[in-house]
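Here's the structure, in structure tokens; my notes come after.
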Amino acid sequence: MSSTALPQRSRNYQNSVMSSARWDAFEPRDDDIIITTSYKAGTTWMQGICAALVFQQPRPPVPQDELTPWIDANFAPIDEVIEQLDGLQNRRYIKTHCPLDGTRYYANVKYIFVGRDGRDVFLSMWNHWNNMNPEFIDDLNNADDQVGPKLPHPPAEIGPAFDEWMERGSFEWELDGYPFWSHLYHAQSWWDFKHLDNILFVHFADLLADIDGEMRKISAFLDIPVNEEVWPSLVEGVSFKEMKSNARHMAPGSTHGLWKDDSKFFHRGANKRWLEIFSEQQIQRYEEIAAERLEADLARWLAHGNQRP
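The sequence shown begins at 832 in the numbering used here and counts up by one.
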């Protein structure tokens, strides 16, 4: 990839859950922050970190749903989402689950990509999928303007679902990720542009290992000075325990009736639970797929971050 290359939008991602075309209505501000993950890689954690840094307090002043919308999501008319964003007076931090080839690139904003091992991502998504209200899934699938693949209700067994997630895509250019979208393709689309100064790569495992150090790195990237007097309270405010205890305020979709139990959105906040759940054959197959579909450096980083294996 040329060091002068800039991302170009070349794909349209549209299904019951999301539509990349919704970004056409968005107008960035020069200090905007866009948080990007495929899903379940630390998006909400990063939203909490950005809230702490932007507001310089442990918790945001209002529920996160009012501050940091998922623009791609078909949860509300895009006009309402844009009106909400336009009305914000604070520095905005917004999330997307679009691969970089499906969204518009803005040179004047800061992007934070959060990565995580795909096996951890799937386990977290499994819990997330099973915590979704069935009626909400039906509403998405039966919407008048629904286009593209529909979201099925979660199956009874996790093993076959993981196999299908590894081997089947939801879009014709993806090879995995069903019934959502590809975690691997998403990561590679952003990794291709890691040379750009306005994209920061942060890993879930590094946040677990050193939240203070990672937050300082993020604060510097966002040009937000560290106030040592309040810093310990900011770090404590984004701990898993604190975010789970304040799930009604912090969990995305909590004000829309998306979850059976808001607190279960924050399930465990841990890695490598898959060692006890997936078979040796499944673990090996995932590693083979990651090696086939990712650059070697990205495959290593997604698996471990900056931690030693």
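Heads up, the beta-carbon is just placed ideally off N, CA and C, and yes, glycines get one too. If you're wondering where the values come from, they're calculated on a predicted model, not measured in any experiment.
With a 10 Å radius around the Cβ and a threshold of 16 neighbouring Cβ atoms, V945 comes out buried.
Between A883 and P889, the C-beta gap is smaller than 8 Å, which places the two residues in contact.
It is roughly 45 Å from the alpha-carbon of N972 to the alpha-carbon of P1056. Between Q1138 and A1036, the gap from beta carbon to beta carbon is short of 8 Å. V952 is positioned such that its CB atom lies no closer than 8 Å to that of K1025.
Assignment of beta strand (DSSP E) within the region 894-938, counting only whole runs of 3 or more residues, yields 924-927 in chain order.
Here the alpha carbon of H984 sits roughly 20 Å from the alpha carbon of S850. Per DSSP, the unbroken alpha helix (DSSP H) holding G879 starts and ends at T874 to F886. Residue environment analysis places K1072 among the exposed positions, since fewer than 16 neighbouring C-beta atoms fall within 10 angstroms of its C-beta. Across the set P980, V978 and H1014, the C-alpha of H1014 shows the shortest separation from the C-alpha of F993.
For G990, the closest of W1132, M877, Q1115 and S1110 by C-alpha to C-alpha distance is S1110.
Scanning its chain for C-beta atoms nearer than 7 Å, with the 5 sequence neighbours on each side dropped, one finds around Y1009 the residues E995, W996, R999, G1000 and S1001, in chain order. For Y844, the three-state secondary structure derived from DSSP is coil. Taking C-beta atoms under 8 Å as the contact rule, F1052 and L1031 qualify, at a distance of about 5 Å.
The Cβ-Cβ distance between G979 and N846 falls below 8 Å. Assigned with DSSP and collapsed to three states, I1108 falls in coil, not helix or strand.
K926 is classed as buried because its beta carbon has at least 16 other beta carbons within 10 Å across all chains shown. Annotation: I1042 to R1131 spans about 21 Å, alpha carbon to alpha carbon. In this chain, the alpha helix (DSSP H) harbouring L971 covers P965 to N972. Each residue's CA atom was taken as its position, placing L1006 and N964 some 28 Å apart.
In the DSSP annotation of this structure, the continuous segment of the beta strand (DSSP E) that includes V1033 starts and ends at I1030 to H1034.
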